[in-house]
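So the protein lines, in turn, are chains D, B and V. For the first sequence, this note's numbering begins at 1 and goes up steadily by one. For the second sequence, this note's numbering begins at 1001 and goes up steadily by one. For the third sequence, this note's numbering begins at 2001 and goes up steadily by one. So the structure is just underneath, and the comments pick up after that.
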Amino acid sequence: MSKHPRITLVTGGARSGKSALAESIAADHEGGRIYIATAEAWDDEMAQRIGLHRDRRGSDGWRTIEEPHNLAGALARTDGQGVRLVDCLTLWLSNVMAEGQPGPHVRALCRALDAQKSPVVVVTNELGLGIVPENALARRFRDEHGWMNQAVAGIADEVWMAVSGLPLRLKPQRGTP
Amino acid sequence: MSKHPRITLVTGGARSGKSALAESIAADHEGGRIYIATAEAWDDEMAQRIGLHRDRRGSDGWRTIEEPHNLAGALARTDGQGVRLVDCLTLWLSNVMAEGQPGPHVRALCRALDAQKSPVVVVTNELGLGIVPENALARRFRDEHGWMNQAVAGIADEVWMAVSGLPLRLKPQRGTP
Amino acid sequence: MSKHPRITLVTGGARSGKSALAESIAADHEGGRIYIATAEAWDDEMAQRIGLHRDRRGSDGWRTIEEPHNLAGALARTDGQGVRLVDCLTLWLSNVMAEGQPGPHVRALCRALDAQKSPVVVVTNELGLGIVPENALARRFRDEHGWMNQAVAGIADEVWMAVSGLPLRLKPQRGTP
Chain D
1 MSKHPRITLV TGGARSGKSA LAESIAADHE GGRIYIATAE AWDDEMAQRI
51 GLHRDRRGSD GWRTIEEPHN LAGALARTDG QGVRLVDCLT LWLSNVMAEG
101 QPGPHVRALC RALDAQKSPV VVVTNELGLG IVPENALARR FRDEHGWMNQ
151 AVAGIADEVW MAVSGLPLRL KPQRGTP
Chain B
1001 MSKHPRITLV TGGARSGKSA LAESIAADHE GGRIYIATAE AWDDEMAQRI
1051 GLHRDRRGSD GWRTIEEPHN LAGALARTDG QGVRLVDCLT LWLSNVMAEG
1101 QPGPHVRALC RALDAQKSPV VVVTNELGLG IVPENALARR FRDEHGWMNQ
1151 AVAGIADEVW MAVSGLPLRL KPQRGTP
Chain V
2001 MSKHPRITLV TGGARSGKSA LAESIAADHE GGRIYIATAE AWDDEMAQRI
2051 GLHRDRRGSD GWRTIEEPHN LAGALARTDG QGVRLVDCLT LWLSNVMAEG
2101 QPGPHVRALC RALDAQKSPV VVVTNELGLG IVPENALARR FRDEHGWMNQ
2151 AVAGIADEVW MAVSGLPLRL KPQRGTP
């Protein structure tokens, strides 16, 4: 494994420190830094969350792109300009599923990731570790989200899980079966 | 630890790749392969999930037994016929709790696992890592399920957790206290 | 890392065996043992859970202090009297948030932990790994809880996560980025 992997996935629960971990991994790369935000600030709570992330990241050296839907396109047109930090796949999937079947979009994202020459750090959530949701839509989102995570983790060079702010390495790993 | 442990537990969240991981572990064993399904196809959504699993597994070399309740009996009568893949304990516990106290059934399952001569790969879920459910029945299920997982993990030779499709080894492990 | 770290954090899901793990870590220390319970037995279900924990711990060598709110004070006045087991931060945060902003209380707790001369084993929960709660209060609790966990894990010498009754070491760890 090289010191600077090309595709890194950072997963974890809510408030587990995954964005901060992803930022520290991205900051380890040389050259330009591009933050690809998938969030849409559709209410006050979300606007506040976005503000918190922006404040922590600071403005030095980061350029921000808002891309709630066409992640594959945003990756293609920024390749060669430095490390990209995508935060996060969960909101992106939620945006994409609001408009139809997510499968083709997830496959397009994976092809785009696979084609990148410059590094990408991608943030996602683990959200299938609670009790089965009573809401059918939540169950479907949980399914699609889990399949998306598997697909992206499958092509990533490194995968980390943040737990209580601490990094746990999932890939590459010693002792896999 | 031998290359082929006798009792393997695979846990993980929803859509974390735990069934595929369990299948790859089971496929590593020589001889016959028996799939013990605990699911009852009581609605379309469940029928579809069962179909997905069956399609991935394929038909080559697998014999399927449906046993929603008497897992201990199914293990006893298939011992000596090859590796058994039990998928999954969560649905089994749900079936068992629909009829009364689960404690005696969990203890009978553990005794049956302990008595096996042929290998068994058991799939379960981690479902206690979300917010406390508002529903008292869900809280009770979460409690009983956690105790079941602890009991089975305690007698298993190997325990794996699937996260975003990646295997994380929990037992045996270096660095335990 | 010394054999007996000063501050140990044990996290995990519901019924994951985290209290039993914390007790076994605390029992490894010499001298007096003080159990600091943050639970208030406000209903039958909670009274039963408290009773289960007390029965397992036994009475030999353990002194129990009930402190639902002022954890920093309880740690300060018991320092020098042996190992303290705090069970758990989740209920404490819930008690604290019922009365106002948790931030100052979490910071006071972290300062108190940092100042301890005798060892402390602290139990918390991972609860951000399920689907986003529909309830705004639950989302806020999840956020504050995650930030608390990150703060305490940051100053802890050792952090463990219990999964299906098995310990997974998060800190210190090999292979962190």
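Quick reminder that beta carbons are idealized off the backbone N, C-alpha and C, glycines included.
- Residue state for residue 2096 of chain V is assigned as helix, using DSSP reduced to three classes.
- When DSSP states are grouped into helix, strand and coil, residue 2144 of chain V belongs to the helix group.
- Put simply, the stretch 2007-2018 of chain V does not touch the stretch 2060-2075 of chain V. Fewer than three CB pairs are less than 8 Å apart.
- Proximity of chain D to residue 2165 of chain V at the Cβ level (cut-off 7 Å) is not reached, the minimal Cβ distance being about 16 Å.
- Rounded to whole angstroms, the Cβ separation of residue 131 of chain D and residue 1127 of chain B is 5 Å, and the two are in contact under 8 Å.
- DSSP places residue 2071 of chain V inside the alpha helix (DSSP H), whose first and last residues are 2071-2078.
- The Cβ-Cβ distance between residue 2034 of chain V and residue 2081 of chain V falls below 8 Å.
- Nearest CB-CB separation between residue 1007 of chain B and chain D: not below the 8 Å threshold.
- If you check the CB distance, residue 26 of chain D and residue 121 of chain D come in under 8 Å.
- The straight-line gap separating the alpha-carbon atoms of residue 85 of chain D and residue 2125 of chain V is approximately 29 Å.
- Proximity of residue 33 of chain D to chain V, defined by a Cβ-Cβ separation below 8 Å, is not satisfied.
- Of the other Cβ atoms in all chains shown, 16 or more fall within 10 Å of the Cβ of residue 1018 of chain B; this residue is therefore buried.
- Residue 1153 of chain B is positioned such that its CB atom lies closer than 8 Å to that of residue 1171 of chain B.
- Comparing alpha-carbon positions, the option among V:2108, V:2007, V:2023 lying closest to residue 2162 of chain V turns out to be V:2023.
- Under the three-state reduction of DSSP output, residue 2132 of chain V falls in the coil class, being neither helix nor strand.
- Here residue 75 of chain D is not near residue 38 of chain D, since their CB atoms are 8 Å or more apart.
- Close partners of residue 2017 of chain V in chain B (Cβ separation under 7 Å): 1150.
- Judged by DSSP secondary structure, residue 1171 of chain B falls within the beta strand (DSSP E) whose first and last residues are 1166-1171.
- In the three-state reduction of the DSSP assignment, residue 85 of chain D falls in the strand class, which pools E and B.
- The beta-carbon of residue 2153 of chain V is placed less than 8 Å from the nearest beta-carbon of chain D.
- Contact between residue 2116 of chain V and residue 2079 of chain V is confirmed by a C-beta separation of about 5 Å, below the 8 Å threshold.
- Not flagged as an interface residue toward chain B: residue 83 of chain D, since no C-beta distance is shorter than 8 Å.
- The residues 148, 151, in chain order, have a CB closer than 7 Å to that of residue 106 of chain D in the same chain once the five nearest residues on each side in sequence are set aside.
- Residue 1170 of chain B does not reach chain D, its nearest Cβ partner there being about 11 Å away, counting only Cβ pairs nearer than 8 Å.
- Residue contact with chain V for residue 104 of chain D: absent (no Cβ-Cβ distance below 8 Å to any residue of chain V).
- Look at residue 15 of chain D here: in three-state DSSP terms it is coil, with no helix or strand label.
- Per the coordinates, the alpha-carbon of residue 1118 of chain B lies some 6 Å from the alpha-carbon of residue 1083 of chain B.
- When the Cα atoms are used, residue 109 of chain D and residue 8 of chain D turn out to be separated by approximately 14 Å.
- For residue 2032 of chain V, same chain residues with a beta-carbon under 6 Å away, outside a window of 5 residues either side, are 2081, 2082 in chain order.
- Going by beta carbons, residue 1006 of chain B and residue 1157 of chain B fall inside the 8 Å limit.
- In the three-state reduction of the DSSP assignment, residue 2009 of chain V falls in the strand class.
- Ranked by Cα distance from residue 2138 of chain V, the options V:2062, V:2061, V:2160, V:2094 are led by V:2094.
- Under DSSP, the beta-bridge partners assigned to residue 1063 of chain B are B:1034.
- By alpha-carbon distance to residue 2114 of chain V, the top candidate from V:2145, V:2155, V:2140 is V:2155.
- Note: residue 162 of chain D is bridge-paired with D:12, D:167 in the DSSP secondary-structure output.
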